[in-house]
Amino acid sequence: ARRVARALVQQLGEKIDRVRDCAATVLHALLSQREPRVPHLPERDLLEDCFLGPDGGWAAAAAADAGAAGGLFPRLVRLLDAEVYRTPVLAGLTVTVGGITESLVRQSWGALQAHM
Numbered sequence: 001a002r003r004v005a006r007a008l009v010q011q012l013g014e015k016i017d018r019v020r021d022c023a024a025t026v027l028h029a030l031l032s033q034r035e036p037r038v039p040h041l042p043e044r045d046l047l048e049d050c051f052l053g054p055d056g057g058w059a060a061a062a063a064a065d066a067g068a069a070g071g072l073f074p075r076l077v078r079l080l081d082a083e084v085y086r087t088p089v090l091a092g093l094t095v096t097v098g099g100i101t102e103s104l105v106r107q108s109w110g111a112l113q114a115h116m
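In this text, residue positions in the sequence shown follow the UniProt record's numbering: the first is 1, and each later residue adds one.
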């Protein structure tokens, strides 16, 4: 579960909308599964706080529209506080911050700056 969660978190920071969308859909399914609850997700409470709304819905963006990076990146950078997710978050965002798509660069860099 640790490797899967870290890989999904990294993909949430990627510059390609479809990759972020797929990662968001899978992470939402893992976090919202209640019976049986998916065991051994590192920092599960932090993940739920960042990405699930009070009703269990995908708070960063609707799972079907997770490509909306403006709502996703500020939540994603909160995972930098958890050592287990620091490297995957930075790995995902590094490519996006250094990208050529102006809107993604602005959103990802802005989220990183605000968090720091």
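Note that CB positions come from ideal geometry on N, CA and C, so glycine has one too.
Just so it is clear, the structure is predicted and the values come from calculations on it, not from any experiment.
Identity of the residue in Leu47, Ala82, His115 and Thr96 nearest Ser108 by Cα: Considering only alpha carbons, the answer is Thr96.
Per DSSP, Arg37 is paired with what? According to DSSP, which records beta bridges pairwise, Arg37 is partnered with Arg34.
Hey, Ala24 and Leu41: beta-carbon distance below 8 Å or not? Leu41 is positioned such that its CB atom lies no closer than 8 Å to that of Ala24.
Alpha carbon to alpha carbon, what distance is there between Cys22 and Arg37? Our two residues, Arg37 and Cys22, have alpha carbons roughly 21 Å apart in a direct line.
Could you give the residue range of the alpha helix (DSSP H) that holds Ala111? Ala111 -> alpha helix (DSSP H) spans Glu102 to His115.
Determine the contact status of Glu48 and Val84, defining contact as a CB-CB distance below 8 Å. No, these two residues do not count as a Cβ contact at 8 Å.
Enumerate in chain order the residues of its own chain whose CB-to-CB distance from residue 118 is below 8 Å, with the five nearest sequence positions on each side excluded. Summary: the structure shown does not reach residue 118, with the chain confined to residues 1 through 116, and so no result is reported for it.
Can you give me the start and stop residues for the alpha helix (DSSP H) that Leu90 sits inside? That run of the alpha helix (DSSP H) goes Glu83 to Val97.
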